[in-house]
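Note that UniProt numbering has the sequence shown beginning at 1, numbered continuously upward.
C-beta: ideal position from N, C-alpha, C; glycine also.
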Amino acid sequence: MASYPPAPCCTVGFKHEGTPQEKDVGIADGEYMAYLATPPPKMAKKSVAVLYLSDIMGIWQDGRLLADQFATNGYLALLVGTFNGTPIPVNKVRKIKMPAWLSGGSTGDNHRNEPAVDPIVKDTIKIMEEEYGGKKLRAVGYCFGAKYLVRHFNAGYIAHPSYVSDDELAALTGPLSIFPAEKRHETEGYPSKG
């Protein structure tokens, strides 16, 4: 495996200070919740957008503040919710049974696996390209979100990746920046297909 499964370190959050500046939006006719951060008009990099695929805490203050930072630097940024409104609350992982949470949540019908998350990511990519003018779409993936960046993009930035398979990583055709360094080092043997 190219990364580890989620662990307690995944949800020991650090709360950044600040107040999110942009807005929560419904996308795909309200089917998915997202946070949209738009750049100041004079700073906007035309046709460039960033899709932010979150960790297991979903859309929360820190994610919003990071999306705002992308916008401050001229990029439209969209942080999409992939957990149907039920992410793991910050610093609560010890109370969560991770396999049960991933396979169905508290109700058993809120899956957080490839068949459930892939369509959300695909729909969001299409929306960003068609509705938000993201002709040059970029992506960042943190923890849980890293897997879906690798599955749907040929290049990007991932941090603290979880559940990324060797096959998914080997299929990449472009550059991938990985944090932390030991994860990056473990992938140096993968051939580039680009």
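Counted within 10 angstroms of its Cβ, other Cβ atoms place residue i as buried (16 or more) or exposed
{"i": "Val25", "result": "exposed"}
{"i": "Gly58", "result": "buried"}
{"i": "Pro161", "result": "buried"}
{"i": "Lys147", "result": "buried"}
{"i": "Arg64", "result": "buried"}
{"i": "Arg112", "result": "buried"}
{"i": "Gly85", "result": "exposed"}
{"i": "Pro39", "result": "buried"}
{"i": "Asp55", "result": "buried"}
{"i": "Gly180", "result": "Sequence check: residue 180 is Pro here, not Gly. Looking at its Cβ environment, which holds fewer than 16 other Cβ atoms inside 10 Å, Pro180 is exposed."}
{"i": "Pro87", "result": "buried"}
{"i": "Asp62", "result": "buried"}
{"i": "Ala100", "result": "exposed"}
{"i": "Leu176", "result": "buried"}
{"i": "Gly30", "result": "exposed"}
DSSP-derived helix/strand/coil call for residue i
{"i": "Tyr132", "result": "coil"}
{"i": "Leu172", "result": "coil"}
{"i": "Ile158", "result": "strand"}
{"i": "Gly194", "result": "With a pLDDT of only 43 at Gly194, under the threshold of 50, the placement of this residue in the model should not be trusted, and no figure is reported."}
{"i": "Met1", "result": "With a pLDDT of 43 at Met1, under the threshold of 50, the modelled position of that residue is not reliable, and the figure given next carries that caveat. Reduced to three states, the DSSP call for Met1 is coil."}
{"i": "Pro115", "result": "helix"}
{"i": "Asp166", "result": "helix"}
{"i": "Ile127", "result": "helix"}
Close Cβ partners of residue i (< 8 Å) along its chain, the five nearest in sequence each way excluded
{"i": "Lys126", "result": "none"}
{"i": "Lys122", "result": "His152"}
{"i": "Asp118", "result": "Tyr148, Arg151 and His152"}
Boundaries (first-last residue) of the alpha helix (DSSP H) holding residue i
{"i": "Leu150", "result": "According to the sequence provided, residue 150 is Val. The question's Leu does not apply to it. First-last of the alpha helix (DSSP H) with Val150: Phe144 to His152."}
{"i": "Ala100", "result": "Met98 to Ser103"}
{"i": "Phe83", "result": "Unbroken run through Phe83: none, as it is neither H nor E."}
{"i": "Asp68", "result": "Gln61 to Thr72"}
Same chain, Cβ closer than 7 Å to residue i, five either side skipped, listed in chain order
{"i": "Leu36", "result": "Glu22, Lys23, Val25 and Leu78"}
{"i": "Thr19", "result": "none"}
{"i": "Leu137", "result": "Ala49, Leu51, Ile125, Met128 and Glu129"}
{"i": "Gly104", "result": "Asn110 and His111"}
Beta bridge counterpart(s) of residue i as assigned by DSSP
{"i": "Asp24", "result": "Tyr35"}
{"i": "Ile178", "result": "Ile158"}
{"i": "Val121", "result": "Note: Val121 sits in no beta bridge, so no partner."}
{"i": "Arg138", "result": "Val50"}
{"i": "Ala77", "result": "Ala37 and Val50"}
Close-in-space but distant-in-sequence residues of the same chain around residue i (CB under 6 Å, 5 per side omitted)
{"i": "residue 196", "result": "With the chain covering only 1 through 194, there is no way to say anything about residue 196."}
{"i": "Glu131", "result": "none"}
{"i": "Ala67", "result": "Tyr35, Ala37, Tyr52, Ala77 and Leu79"}
{"i": "Ala28", "result": "Asp123"}
First through last residue of the beta strand (DSSP E) which encompasses residue i
{"i": "Ala44", "result": "Neither: Ala44 is in no beta strand (DSSP E) and is coded neither H nor E."}
Closer than 7 Å: residue i CB and nearest the ligand ATP heavy atom
{"i": "Pro41", "result": "Inclusion of the ligand ATP in the displayed structure is not the case, the ligand content being empty and no account of it being possible."}
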